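Contents: one structure, followed by commentary.
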């Protein structure tokens, strides 16, 4: 074996001679091309010899390596590569074994050049698609060694980069070679993934370090070549892109552990970058698995520092956006439950100052502001998850979050004591913030299904009204629900603009569902607005929110009836300030006046009733002259100039109910209703806790108008209308609160029968004129004698009859449904017409 | 097989706290060097050394792991396929000795149950700074059923002995447990190692 080639060449087998001939005298000369062609030709014509050729070549190579004759090593490798490329046939298998042995030999070497040479050959091999790869091949060593090369710490930075690049390419090769073949060594096993993934991440992570070095002109040219980080990223993408459902977990887990170990959650840029790569390269139907793993990791890190948790949550948020519709997967509520649980935990940590609630020794110090940041991150993430959901799931999620809001006097145990209250308040705030985040950009076509009573009842419950901050959240949430056309920012500042067309409002006609929604919940909303107005702790933000809310209801949900109610409501709010039974400070009173002015200014222009506009305009002008501190422009500034003489204002600076009902009544609005002052009403099902707000409801007994019965004529008219067809009566139900005996003094506002309730729920709003016309028709039919009606109908029927006969004679074909056509044409109740038709129809039916 | 340049192939993984001298031990053994300002290992390092024991060529694949915590996940992935583990501590560093139970737990968790573990107390050249007595370490290794040796990579004390003894032990283990020594078709890249130690248990 150690004989020098050539001396006894004639005695050696042909393949050995051919192999020996490809090596030149001087390794500098490189592969002898013509002889290589001969060898290739021989190998192709006698494939059964291929394995022997391979074995002999590898034997020579191993010998050359140990003798440090690297020139010949390179030549042998080149020859192997060429043979490998040339022989795409089944006999390649045995040859591959010698080939891989040689690659392994090169990789064992300490010489970087040989390592790179070996890797390059391996990569070439990896790109060959074998028909029947050998199944007992193991790539264990390759994975280990390539991973090790990815971590190279060679002294020379250039060599180091080259070795690392080789390592990455090698891993890529192994992945390509094995990933698609289930019978091959399973590359997805944790033992391989735990090497491959961290090695790639390690290189990816060092991209920033390399770039942050001052780029010298020399490096600038280097840049044109691919960096290890770019290569690693490509490799990672390729790997993840090929991951099947069952493999995702094994591929993602090392990422999570790597980020843990290298504490990369905290600056989080890298973590986010990683997961962006993951989310973008993974097959989209698997993305929810990644989300689930991240959530699981968050749970596992419940007791880690807030910054770590915040990093994970941040990553979740980014990942959710990328995964879009598929991010949540089948367990929507589970996702939100986890996030809300983390939120609660964080609140507990911040309050107790330790991770186990006992404050035992050795626990890490909890920084409250870090917890706060974490909470913000969770809320943001809840928002980004929610934004990926379809509408119906979003409202489900909102119900879910709402159900978690702790409310006193419900089944949820609410901790007593100051600590408990504090926790409650914080939890409420956090959950409402989450809710607000979810509701942002939420566009429900159907308010009724999006906001069921169970949700509204809780949201509007009195318990959420006491605290100024919470109160504001509730308003904001309502606003973002109601605002479906993105109008809200146009009303962020309160003002009395003289021409609303500059706002370019987007308005759709109030849909039927919206009308039904308002029928059901309007009183609840009004009451909420009214009571909120009365709160002394309101600041400018509250008034702005109240203003937006009023305006948005008017734009989005209003029909005439709602407009009337809103005007009544605003007038009642003006009254709060005027009578001031709650001893509100001057600022609040002025703010309420200003709120009224701003709203009435807007609604007057929306209704486009000239006389209404005029009245409002007059009052505003009067205020500008006499009492500018009653206008938003003067109240809602940094230092409002307020007047102390609020109780000595002349009547001309107020909006007058009588005047408004007069001008609007003239334009077909329900003036009777308008002239009835607004009284907050409890409607529908109300929470037991809601009665806490009851004292605010009580009006002083001396109020003359509160109990004044509506004028008799109006009552009669209303009663007669009720009998007519299609009449609608708005629902005004007084639910007597057991806890507020004062209210019993008041006479029930209206007679309630089953009929009215049923109608109120079922019927659709019908326009006034249509109603009037019908009433006349009905009246006529009710009062006039039968003969007259019969004659009237008969005359018309005979006319029609003759016309029809004419037509039928021409067409001969019988009309499909003559009776239907006739009744529809007349638009009259059928029972009156039937006798007339019965007389004539038999003739018609002969056809 | 005439093609093979060795009769046995074993994988040895060095583990232990950061800075106890794992890399120096390997360098001393494979290259006969003692690199004075050796930096912390990144991830894993790979060395190969072929030794001859009783006329048989034994190839030792040595995986030198980083002691730093942040590389723990990648280093752990190398335990699994190891034939032998060299658990190293620094005799001048009490802390590195106290961490040993933790390392044993890791071995328990990640390594094969047939793995041979050797406990090595390194840096005996710094005898005056010794914090861990030989007796204590010997008792510990006995309790854990490990081989125990004290070395100095700097003075080259016991380094050869460590690896050669280990190789002998690995050979005899392999012989004991494998009657069929000349298994056909060794796996590329793997040599014959898999057939030596994975097919039978000997505990």
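Protein chains in written order, with the working numbering: chain A, 3 to 849; chain B, 133 to 335.
Quick reminder that beta carbons are idealized off the backbone N, C-alpha and C, glycines included.
Model, not experiment: these values are computed from the prediction.
Exercise. Going by C-alpha distance, which of 578/A, 589/A and 641/A is nearest residue 679/A?
Worked result: 578/A
For this session: Could you check which residue in 387/A, 392/A, 437/A and 649/A has the C-alpha nearest to that of residue 405/A?
Result: It is 437/A whose Cα lies nearest to the Cα of residue 405/A.
For this session: Please go through the segment 207-268 of chain B and give each complete alpha helix (DSSP H) segment of 4 or more residues, from N-terminal end onward.
Result: 226-230 and 232-242
Problem set entry | Beta-carbon proximity check, residue 856/A vs residue 572/A, cutoff 8 Å | Because chain A is modelled from 3 through 849, residue 856/A falls outside the range shown and cannot be assessed.
Exercise. Between residue 196/A and chain B, is there a C-beta pair that is closer than 8 Å?
Worked result: For residue 196/A, the nearest beta carbon of chain B is closer than 8 Å to its own beta carbon.
For this session: Since I believe residue 258/A is in contact with residue 299/A (beta carbons under 8 Å), could you give me their beta-carbon distance rounded to a whole number of angstroms?
Result: 5 Å
Problem set entry | Delimiting residues of the beta strand (DSSP E) encompassing residue 282/B | 279-282
Exercise. Rounded to the nearest angstrom, how far is the Cβ of residue 152/A from that of residue 201/A, given a contact under 8 Å?
Worked result: That pair is a contact at about 4 Å.
Exercise. Do you know whose CA, among 145/B, 155/B, 141/B and 138/B, lies nearest residue 284/B's CA?
Worked result: 155/B
Exercise. Is any beta-carbon of chain A found at less than 8 Å from that of residue 139/B?
Worked result: no
For this session: Check whether the segment 167-180 of chain B touches the segment 226-242 of chain B, counting contact only when three or more Cβ pairs, one atom from each stretch, lie closer than 8 Å.
Result: Not touching, per the Cβ criterion.
For this session: Compare the C-beta of residue 169/B against all C-beta atoms of chain A and say whether one is closer than 8 Å.
Result: no
Problem set entry | CB of residue 634/A within 8 Å of CB of residue 599/A, strictly | In this structure, residue 634/A places its C-beta atom within 8 Å of the C-beta atom of residue 599/A.
For this session: Name the residue from 351/A, 343/A and 317/A whose alpha carbon lies nearest to the alpha carbon of residue 308/A.
Result: 351/A
Problem set entry | Three-state secondary structure (DSSP) of residue 468/A | coil
Exercise. Per DSSP, residue 112/A forms a beta bridge with which residues?
Worked result: Paired residue(s): none; residue 112/A is not in a bridge.
For this session: Report buried or exposed for residue 652/A, applying the criterion of at least 16 other Cβ atoms within 10 angstroms of its Cβ.
Result: exposed
For this session: Out of 449/A, 236/A and 296/A, state which residue places its alpha-carbon closest to the alpha-carbon of residue 255/A.
Result: 296/A
Problem set entry | Under 8 Å between C-beta atoms of residue 234/A and residue 130/A | Going by C-beta atoms, residue 234/A is not nearer than 8 Å to residue 130/A.
Exercise. Under a Cβ-count criterion, where at least 16 other Cβ atoms within 10 Å of its own Cβ denotes burial, should residue 56/A be classed as buried or exposed?
Worked result: buried
Problem set entry | residue 428/A CB to nearest heavy atom of the ligand NAP below 7 Å | Looking for the ligand NAP in the displayed structure turns up nothing, as the structure carries no ligands at all.
Exercise. Hey, residue 207/B and residue 255/B are a contact pair by Cβ (cut 8 Å); roughly how many whole angstroms apart?
Worked result: Separation of the CB atoms of residue 207/B and residue 255/B is rounded to 21 Å, and the pair is thereby denied contact status at 8 Å.
For this session: Can you give me, in chain order, the residues of the segment 254-278 of chain A that have a beta carbon less than 9 Å from any beta carbon in chain B?
Result: 256, 259, 260, 262, 263, 264 and 265
For this session: Closer than 7 Å by C-beta to residue 384/A: which residues in its own chain qualify, once you throw out the five before and the five after it? Chain order, please.
Result: 338, 341, 436, 439 and 440
Exercise. Going by the CB atoms, is the gap between residue 243/B and residue 211/B shorter than 8 Å?
Worked result: yes
Problem set entry | For residue 179/A, three-class secondary structure by DSSP | Per DSSP, reduced to three states, the secondary structure at residue 179/A is helical.
Problem set entry | Residues of the segment 151-181 of chain A with Cβ closer than 9 Å to any Cβ of chain B, in chain order | 151, 152, 153, 154 and 155
Exercise. Any idea what DSSP makes of residue 459/A, helix, strand or coil?
Worked result: helix
Exercise. Got a sec? Which residues, its chain only, sit under 7 Å from residue 481/A by beta carbon, not counting five neighbours each side?
Worked result: 490, 547, 550, 551 and 554
Exercise. Of the choices 393/A, 168/A, 159/A and 163/A, whose alpha-carbon is the least far from that of residue 444/A?
Worked result: Residue 444/A has its Cα closest to that of 393/A, out of 393/A, 168/A, 159/A and 163/A.
Problem set entry | residue 312/A beta carbon less than 8 Å from that of residue 379/A | yes
Exercise. Beta-carbon of residue 147/A versus every beta-carbon of chain B: anything under 8 Å?
Worked result: yes
For this session: Compare the C-beta of residue 193/A with all C-beta atoms of chain B and state if any pair is closer than 8 Å.
Result: By this cut-off, residue 193/A is an interface position.
For this session: Please decide whether residue 519/A counts as near chain B, where near means a Cβ-Cβ distance under 8 Å.
Result: no
Exercise. What in chain A is Cβ-close to residue 229/B, meaning under 7 Å?
Worked result: Ordered by position in chain A, no residue passes the 7 Å Cβ test against residue 229/B, which lies about 23 Å from the chain.
Problem set entry | Interface residues of the segment 94-111 of chain A facing chain B [CB-CB below 7 Å] | 99, 102, 103, 106 and 110
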